[in-house]
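Number of protein chains: 2
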Amino acid sequence: MPRELIDLLWRDHPAAPQGGTRGPRSRVTTGAVVDAACTLADAEGLATVTVRRLGEALGISTMSVYTHVNERDDLLVLMADAVYARMPLPTYGNADWRTRVRRVADANLALHLEHPWLLEIDDERTAFGPGTIAKYDHELHALDALPLDDVARDAALTFVLDFVRAAARARRRDPRADEMPQVWARWAGRLAEYLGAAYPLAQRVGGAAGEEMNAASSPEHAWEFGLARVLDSLTPAPPP
Amino acid sequence: MPRELIDLLWRDHPAAPQGGTRGPRSRVTTGAVVDAACTLADAEGLATVTVRRLGEALGISTMSVYTHVNERDDLLVLMADAVYARMPLPTYGNADWRTRVRRVADANLALHLEHPWLLEIDDERTAFGPGTIAKYDHELHALDALPLDDVARDAALTFVLDFVRAAARARRRDPRADEMPQVWARWAGRLAEYLGAAYPLAQRVGGAAGEEMNAASSPEHAWEFGLARVLDSLTPAPPP
DNA sequence: GGTTAACTCTGTACGGCGTACAACGTAGGA
DNA sequence: TCCTACGTTGTACGCCGTACAGAGTTAACC
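Going down the list, the protein sequences come from chains X and D.
If you read the first sequence in this note's numbering, its first letter stands for residue 13, the second for the next number, and so on.
If you read the second sequence in this note's numbering, its first letter stands for residue 13, the second for the next number, and so on.
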């Protein structure tokens, strides 16, 4: 029978309960289960991380997975905390706060591009994991030089990380992307007919944005556009 | 057999194909199917919007739902477009751009609070629906007074709406929220043991943010904090 | 007016999912 | 040595989306 999620999250901590010594040892460690789940998610998406497939990948039966994890949702929390724990935290050195925040943003974008499935995990309990807390602490320090009280500091970091999440979502490859060219070929004419001359602004701007999205350099531009604004907005004395 | 999604989205447009006249008429309109799905999602969450339950709610068989919709994913697109179409678009009057953008943000926040399941629908094809396009056009006009080219204007609107989405996600009631007090009661002691004196900044700021979250006025504060920064960041001449 | 073709409706069935449960095997502690 | 706690496993249940085939219904065509 697996332990509570909080103990699973901190399973490598000296104070974590180890479970009784009787009976056979697990043929697989909890860490290996989580790692295999992450590998599977990286390769084929979170939807393919089913308990059955996970057991198969580990060479154990489906139900043996439940020796390490209470339910699938717990596994997702462990996966998220695991990649946070392994994430290379940016170095700050003597950099000013803008550079620090930029590095935090870059590091988080890289993380989300490497593990797009992170966007699909939205469980508050992740906040209590060791990897998540270490990351949180380190990223809070990026704002040391800003005159923010505790609540505002948390809000500022959330503001930055939410922007990164949105940028990562925009860059994520839609699983339907392969079919979209053909779909669009079928739809373009009909949409033009439906629209006619209505919504000229939407048609013009949408068209421009759509073309821009096909340009190779677009993601970087959008990223720079937004990140510059995020940094400006955190500047201590806002413009009058 | 249902029509293509683009025609389903524009089903109320005069130019939309009506389908042959032979055979019995549908006992239920496609609009009614979509409305029922939205009602179900509002009441019990998107996960409970299954094809079987939807048929039951409509008084038709499970498979009859597929007379109106090709697959469940299409239904989600229709649901999103439907609520966008019905959304009350803010009036601008003679307001300056800051007020306009604020109204856009407020309207979108209200929409997401009313239909939290919108956050779970992330399908690019939604962009081609009439409700979505009308909303997009109207919101682009909020930025009329700003010196932005087409691509930048789209980016700016996306920036604002992404912020709103993140705020809405933060306000959303976790389905696990009911159990969290008891969970926390079990976890608090152990987490303190695991943490010890490590990560003092994270412990202090996290604690402050956690307490703030329990304060009744917190969501409004976080909203104001972020929205003020979003508006500042869109100001034409950024601070030197 | 009869025939046909297009259409809706429906039940059954398939392969997948998460996971409860009970039987069985295995090891350390008494 | 026996007991007991624990890992492992197969089976089973109730869900899910949806493919498919048959039956019923209507308008169009001859």
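Where a beta carbon is used, it is the ideal one built from N, C-alpha and C, also for glycine.
A quick note: this is a predicted structure, and the numbers were derived from the prediction, not measured.
- Interface criterion met: the Cβ of Glu136 of chain X is under 8 Å from a Cβ in chain D.
- For the stretch 65-130 of chain D, the full-length alpha helix (DSSP H) segments reaching 4 residues or more read 84-98 and 109-126 along the chain.
- Under a criterion of Cβ atoms nearer than 8 Å, the residues of chain X adjacent to His153 of chain D are, in order, Leu213.
- Under the Cβ criterion (8 Å, minimum of three pairs), the stretch 110-123 of chain X does not count as touching the stretch 174-185 of chain D.
- Identification of chain D residues near Ile133 of chain X by a Cβ-Cβ cut-off of 8 Å yields none; the smallest Cβ-Cβ distance measures about 12 Å.
- By the criterion of a C-beta distance shorter than 6 Å, Leu21 of chain D is surrounded in its chain by Asp93 and Gly141, once the five residues flanking it on both sides are discounted.
- The DSSP assignment places complete alpha helix (DSSP H) segments of no fewer than 4 residues inside the stretch 152-237 of chain D at 162-183, 192-207 and 212-226, in order along the chain.
- For Ser245 of chain X and Thr247 of chain D, the gap between their C-alpha atoms comes out near 10 Å.
- The Cβ atoms of Thr79 of chain X and Pro14 of chain X sit closer than 8 Å to each other.
- Non-local C-beta neighbours of Tyr104 of chain X in its own chain, meaning closer than 6 Å and more than five positions away in sequence, comprise Arg112, ordered along the chain.
- Contact annotation: Arg183 of chain D and Leu101 of chain D have beta-carbon atoms that are not nearer than 8 Å.
- Under the three-state reduction of DSSP output, Gly43 of chain D falls in the helix class.
- Under the 8 Å criterion on CB atoms, Val61 of chain D is classed as non-interfacial with respect to chain X.
- Of the candidates X:Gly57, X:Ala227 and X:Asp19, the residue whose Cα lies closest to the Cα of Glu132 of chain X is X:Gly57.
- Relative to the Cα of Arg216 of chain D, the nearest Cα in the group X:Ile145, X:Ala200, X:Trp196 and X:Leu243 belongs to X:Ile145.
- When secondary structure is reduced to three states using DSSP, Thr247 of chain X falls in the coil class, being assigned neither helix nor strand.
- Contact annotation: in the stretch 193-208 of chain D, residues whose CB is within less than 8 Å of a CB in chain X are Val195, Arg198, Trp199, Arg202, Leu203, Glu205, Tyr206 and Leu207.
- One alpha carbon belongs to Ala139 of chain X, the other to His25 of chain D, and they sit about 48 Å apart.
- Rounded to whole angstroms, the Cβ separation of Leu17 of chain X and Arg137 of chain X is 6 Å, and the two are in contact under 8 Å.
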